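Participant: Note that the numbering used here gives residue 139 to position 139 of the sequence shown, counting from 1, and the numbers run on in steps of one.
Even for Gly, the Cβ is constructed at its ideal location relative to N, Cα and C.
Computed from a predicted model, the values in this text were never measured in an experiment.
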Amino acid sequence: MTANPRALDDAQIDQFIREGFIRIDNAFPRDLAEAARAIMWRDLPCSEDDPSTWTRPVIRLPGYGDPPFRDAINTAVLHGAFDQIVEPARWRPRRDIGTFPVRFPHPDDPGDAGWHVDLSFPGADCDPNETRAFSAWRVNITSRGRSLLLLFLFSDVGEDDAPTRIRVGSHVPMARYLAPAGEAGMARMVLDEMGADCPIALATGAAGTVYLCHPFLVHAAQRHQGTRPRFMGQPSLPLAEPYRLERPDGVYSPVETAIRMALGYA
Numbered sequence: 001m002t003a004n005p006r007a008l009d010d011a012q013i014d015q016f017i018r019e020g021f022i023r024i025d026n027a028f029p030r031d032l033a034e035a036a037r038a039i040m041w042r043d044l045p046c047s048e049d050d051p052s053t054w055t056r057p058v059i060r061l062p063g064y065g066d067p068p069f070r071d072a073i074n075t076a077v078l079h080g081a082f083d084q085i086v087e088p089a090r091w092r093p094r095r096d097i098g099t100f101p102v103r104f105p106h107p108d109d110p111g112d113a114g115w116h117v118d119l120s121f122p123g124a125d126c127d128p129n130e131t132r133a134f135s136a137w138r139v140n141i142t143s144r145g146r147s148l149l150l151l152f153l154f155s156d157v158g159e160d161d162a163p164t165r166i167r168v169g170s171h172v173p174m175a176r177y178l179a180p181a182g183e184a185g186m187a188r189m190v191l192d193e194m195g196a197d198c199p200i201a202l203a204t205g206a207a208g209t210v211y212l213c214h215p216f217l218v219h220a221a222q223r224h225q226g227t228r229p230r231f232m233g234q235p236s237l238p239l240a241e242p243y244r245l246e247r248p249d250g251v252y253s254p255v256e257t258a259i260r261m262a263l264g265y266a
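1) Quick one: is residue 225 buried, meaning 16 or more other Cβ sit within 10 Å of its Cβ, or exposed?
2) When you compare only the Cα positions, how much space is there between residue 32 and residue 66?
3) Need the endpoints of the alpha helix (DSSP H) that residue 175 sits in, please.
4) If you drop the 5 nearest sequence neighbours on each side, which residues of the same chain put their C-beta closer than 6 Å to that of residue 195?
5) Spatial neighbours of residue 10 within its chain, please: CB distance less than 8 Å, with the 5 preceding and 5 following residues excluded, ordered by chain position.
6) Provide the residue(s) that pair with residue 91 in DSSP beta bridges, ordered along the chain.
7) Under DSSP, the alpha helix (DSSP H) around residue 68 begins and ends at which residues?
8) Which word fits residue 246, buried or exposed, when buried means at least 16 other C-beta atoms lie within 10 angstroms of its C-beta?
9) What did DSSP end up calling residue 86 once you bin it into helix, strand or coil?
10) Which value, in whole angstroms, describes the spacing of the CA atoms of residue 263 and residue 213?
11) Could you tell me which residues DSSP pairs with residue 137 in its beta bridges?
12) Can you tell me which of the three DSSP states residue 45 falls into?
13) Look at the Cβ atom of residue 117, then the Cβ atom of residue 139, and state whether they are nearer than 8 Å.
14) I need the straight-line Cα distance from residue 40 to residue 250, nearest angstrom please.
15) Quick one: is residue 243 buried, meaning 16 or more other Cβ sit within 10 Å of its Cβ, or exposed?
16) With 16 as the cutoff for other CB atoms within 10 Å, does residue 131 come out buried or exposed?
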């Protein structure tokens with residue numbers, strides 16, 4: 001089997017370790033983004049051509065596994081980047097993008113714009129019969145179940161188009177915050193002040209841009225102040241084997257290296 005191509009240079013890998021994310025332009029073809037948007041417009045309860053029907057600030061669509069979505073997340077460039085950031089054979093491919101929060105120009109607070117990290121596994125106290133059980137999900141120091149957070153831009157996103165806000169380098173204090181909880185991890189975290197002194201970057205770019213984010217990177221949505229709806233997928237990349245902070249062979253991924261550096265291991 002042919003190895004995935006080297007998608008990232010050393011400077012980009014260093015940036016990922018230091019800042020917690022990298023941006024890959026043209027990570028998937030623009031025509032796939034256009035085909036995917038056409039499918040999502042079909043499923044939205046409003047009209048692309050009639051802004052008067054855009055009556056909500058955000059509408060969430062379920063995960064899609066159609067070819068434009070599946071093809072977008074499985075380009076050679078992205079697989080190569082996953083190999084470099086997570087290490088080959090330590091991540092599992094996805095066949096879908098997951099839920100889409102489609103954001104519309106709207107004066108109201110979307111109600112989901114708090115600073116957070118994405119949770120990745122259910123805790124022992126998680127009741128599967130509770131409708132709000134996801135609030136009891138957890139994240140731990142080895143990011144059980146999640147190798148990366150991915151931000152897939154399926155529409156052009158400028159500064160006014162509700163780009164995801166990123167606290168640059170916030171994965172470092174977040175790792176230190178999680179460490180005392182060990183493998184059990186933490187849930188129901190209030191992270192408004194986590195990384196508050198970090199500079200803020202905006203996940204902008206043309207359709208086809210993808211951001212690879214450390215799973216501990218603190219980020220947030222925001223109100224859409226532009227003119228056209230924003231389509232962005234935010235899937236996790238599953239782990240094929242757990243991250244480890246102590247490896248006998250010393251072969252650490254950039255994700256592991258960033259955690260180890262935050263904790264003073266390296």
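Facilitator: Reading off the structure:
1) For the purposes of this step, residue 225 is taken as the residue at position 225 of the sequence shown. So residue 225 counts as exposed.
2) As a position in the sequence shown, residue 32 is number 32, starting the count at 1. As a position in the sequence shown, residue 66 is number 66, starting the count at 1. If you take the alpha carbons of residue 32 and residue 66, they lie about 11 Å apart.
3) To locate residue 175, count along the sequence shown from 1; it is residue 175. 171-178 is the extent of the alpha helix (DSSP H) around residue 175.
4) On the sequence shown, position 195 is the one that residue 195 refers to. The answer, listed in chain order, is 167, 170, 173, 218.
5) On the sequence shown, residue 10 is found 10 positions in, with the first residue counted as 1. So the list is empty, once near-sequence residues are dropped.
6) Along the sequence shown, one-based indexing puts residue 91 at 91. The partner list for residue 91 (beta bridge, DSSP) reads 239.
7) As a first step, residue 68 is located in the sequence shown; it is residue number 68 there, counting from the start. First-last of the alpha helix (DSSP H) with residue 68: 67-72.
8) Position 246 of the sequence shown, counting from 1, holds the residue named residue 246. It is exposed - the Cβ of residue 246 has fewer than 16 other Cβ atoms within 10 Å.
9) Here residue 86 refers to the residue found at position 86 when the sequence shown is read from its first residue. Residue state, collapsed to three classes: helix.
10) Numbered from 1 along the sequence shown, position 263 holds the residue referred to as residue 263. Numbered from 1 along the sequence shown, position 213 holds the residue referred to as residue 213. Those two C-alpha atoms are separated by around 19 Å.
11) Residue 137 sits at position 137 when you count from the first residue of the sequence shown. DSSP output for residue 137 lists 122 as bridge partner(s).
12) By 1-based counting over the sequence shown, the position of residue 45 is 45. Correct three-state label for residue 45: coil.
13) In the sequence shown, residue 117 corresponds to position 117, counting from 1. In the sequence shown, residue 139 corresponds to position 139, counting from 1. For residue 117 and residue 139, yes; Cβs fall inside 8 Å.
14) Here the question's residue 40 lines up with position 40 in the sequence shown. Here the question's residue 250 lines up with position 250 in the sequence shown. Approximately 44 Å, taken between the alpha carbons.
15) Translated into the one-based positions of the sequence shown, residue 243 becomes position 243. When all chains shown are included, residue 243 counts as buried.
16) Looking up residue 131 in the sequence shown gives position 131. Per-residue confidence for residue 131 stands at a pLDDT of 43, beneath the threshold of 50, marking its modelled position as unreliable; the derived number appears in the next sentence. Exposed: under 16 other Cβ atoms inside 10 Å.
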